[in-house]
Amino acid sequence: MAMLDDDRFLLAAQSVADSIAALARPAVGGARWETRSYTGKSQYSTAIFGGTAGVVFLFADLFRISGDSRAREVAEAAAMWVEAESKADLRDPDGDAGLYFGTSGHGQMCLHLYEATGRERWLRDAQARARAVARASWPDSHVLSGSAGSVIFLLRLYQAAADQSVLDAAVRAGDHIARTVERDDKGARWDWHREGKVRFSAGFVHGASGIAYALAELWRFTGDDATKNLVYDAWNWIEAVALEDDLGVCWNRWPGDPHRPRVQWCHGAPGIGLFAARAAEIFDDDDLRGLAERCAQATLAAGDVRSNPSQCHGLAGNAELFIELARVGGDESWMARARDFGDAAIAYREERDGEVRWPGDEPGNYSPDFMLGSSGLGHFFLRLARAEEVQMPLMVQPPAAAERPA
1 MAMLDDDRFL LAAQSVADSI AALARPAVGG ARWETRSYTG KSQYSTAIFG GTAGVVFLFA
61 DLFRISGDSR AREVAEAAAM WVEAESKADL RDPDGDAGLY FGTSGHGQMC LHLYEATGRE
121 RWLRDAQARA RAVARASWPD SHVLSGSAGS VIFLLRLYQA AADQSVLDAA VRAGDHIART
181 VERDDKGARW DWHREGKVRF SAGFVHGASG IAYALAELWR FTGDDATKNL VYDAWNWIEA
241 VALEDDLGVC WNRWPGDPHR PRVQWCHGAP GIGLFAARAA EIFDDDDLRG LAERCAQATL
301 AAGDVRSNPS QCHGLAGNAE LFIELARVGG DESWMARARD FGDAAIAYRE ERDGEVRWPG
361 DEPGNYSPDF MLGSSGLGHF FLRLARAEEV QMPLMVQPPA AAERPA
């Protein structure tokens, strides 16, 4: 008899967590991990992307579903180190307010831990970071580094605490997005400064789909017509720059990019499909559902296109679209496809001299961070095992999950 999905994916998540816990380094105020930056350099970072903060998501949700006090202890030790190391950022008017590298991300880490443990200290820490973000400026509007990422954190906090000042701060971040939009005859887009040039991307991390996703969530709480119109204008631009290749619908990193279109969460159909699936749910729009399905079909056809199991550009991040489509559309066949990707990811497990290791985005990368390393993979396994209980930690709680009692 085949092992139940809950069993094999929970066991895989626990295996990832055990391997990460064994690598924790004691530090003043808590614990941390040596991780790898995007360029492959060793570091001790507080960031969600490539740092210790993202590791907390795995251990917090493992505690949430299993009650394992060891998981809570690891999560809180890591969060205490991040909290102590980033405290000075709360007083820095020029500090990084972003979700993946800055204060919004640290706040989201604290909020996630509060939601898992119920400990008020973590809610207070999240609120302190929201107050800092409310005073912040942003270098761009992107999800990765700009105001769209802050919208996501602030709305998550508003869901947890119903503080009007937090929603006001999210609206302020949304206003920044609206002020920085650039329009052409295709619709709405936002600039991305790369390699000394101004680019325009449809992708989730640096482009229109991630920004439009944040605006769609903001509309859920404000009902502002101008916000909804901007989402639809961005969608028009995304559709206008779409291409078709042998896999299906696809996008260049920017129009005119000479390289083959990417099929990954950060650039391409998987991330754009997440925007479309969530926006379809929010606006009850069948055309957006159709875009999400087209993106999912292309992602499925690509398979293990980058030959790695990571969140940013591997099996885990790509299959998150399938899990969301199953939830939004009620089509369980997408959950089955997500499990297929999960089984492919399990096959990356390595054992050497009795030591289990889980690789990240590139051969030889055993960093425990969330986006490029193994904790994001472990969290994906938890999602496969408990999709109704474990949500994507860097997106706003969807309506059904937000309404479910804790």
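For the sequence shown, the numbering used here begins at 1 and goes up steadily by one.
Every residue gets a Cβ at the ideal spot worked out from N, C-alpha and C, and that includes glycine.
Quantities reported herein were computed from a predicted structural model and do not represent experimental measurements.
A direct Cα-to-Cα measurement between Cys312 and Gly187 gives close to 27 Å. The residue among Pro309, Leu382, Asp185, Lys87 with its C-alpha nearest the C-alpha of Ser367 is Pro309.
Of the other Cβ atoms in all chains shown, fewer than 16 fall within 10 Å of the Cβ of Val356; this residue is therefore exposed.
Residue pairing by DSSP places Gly187 opposite Asp184 in a beta bridge. Inclusion of Leu154 and Ala169 in the CB contact set at 8 Å is warranted, their separation being smaller than that value. Inter-segment contact for the stretch 189-197 and the stretch 213-232 is absent: fewer than three beta-carbon pairs are separated by less than 8 Å. In the pairwise beta carbon analysis, the stretch 139-150 is classified as not touching the stretch 110-123: fewer than three pairs are separated by under 8 Å. Taking C-beta separations shorter than 7 Å and ignoring five residues to either side along the sequence, the partners of Ser209 in its chain run Ala202, Gly203, Ile238, Gly271, Ile272, Phe275, following chain order. If you check the CB distance, Gly51 and Ser45 come in under 8 Å.
Note that the stretch 29-43 touches the stretch 61-78; at least 3 beta-carbon pairs, one per stretch, sit closer than 8 Å.
Residue environment: Arg25 is assigned as exposed (fewer than 16 neighbouring CB atoms within 10 Å of its CB, all protein chains considered).
The beta carbons of Ala292 and Asp285 sit no closer together than 8 Å. Segment contact: the stretch 231-248 against the stretch 311-325, fewer than three CB-CB distances shorter than 8 Å; contact not assigned.
By the CB criterion at 8 Å, Gly98 and Ser66 fall outside the cutoff.
The shortest CA-to-CA distance from Ile48 to any of Leu384, Ala269, Asp175, Gly107 is the one to Gly107. Annotation: the continuous alpha helix (DSSP H) that includes Glu293 extends over 286-302. Its chain contains Ala79, Glu83, Trp122, Leu123, Asp125, Ala126, Arg129 as the residues whose beta carbon lies nearer than 8 Å to that of Cys110, once the 5 sequence neighbours on both sides are disregarded; these appear in chain order.
Check the Cα spacing between Ala387 and each of Arg253, Gly360, Ala338, Ile346: the tightest is with Ala338. Take the alpha-carbon of Val181 and the one of Asp233: they are about 10 Å apart.
Nearest to Leu325 by C-alpha distance, out of Asp361, Leu288, Ile346, Ala347, is Leu288.
Collapsing the DSSP output to three states places Gln391 in coil. Between Ile211 and Trp190 a beta carbon distance of about 6 Å is seen, short of the 8 Å cut, so the two are scored as contacting. Secondary structure of Cys312 (DSSP, three-state): coil. For Met392 and His206, the gap between their C-alpha atoms comes out near 19 Å. When Glu350, Ala319, Glu332, Pro359 are compared, the shortest CA-CA separation from Leu382 is found for Ala319.
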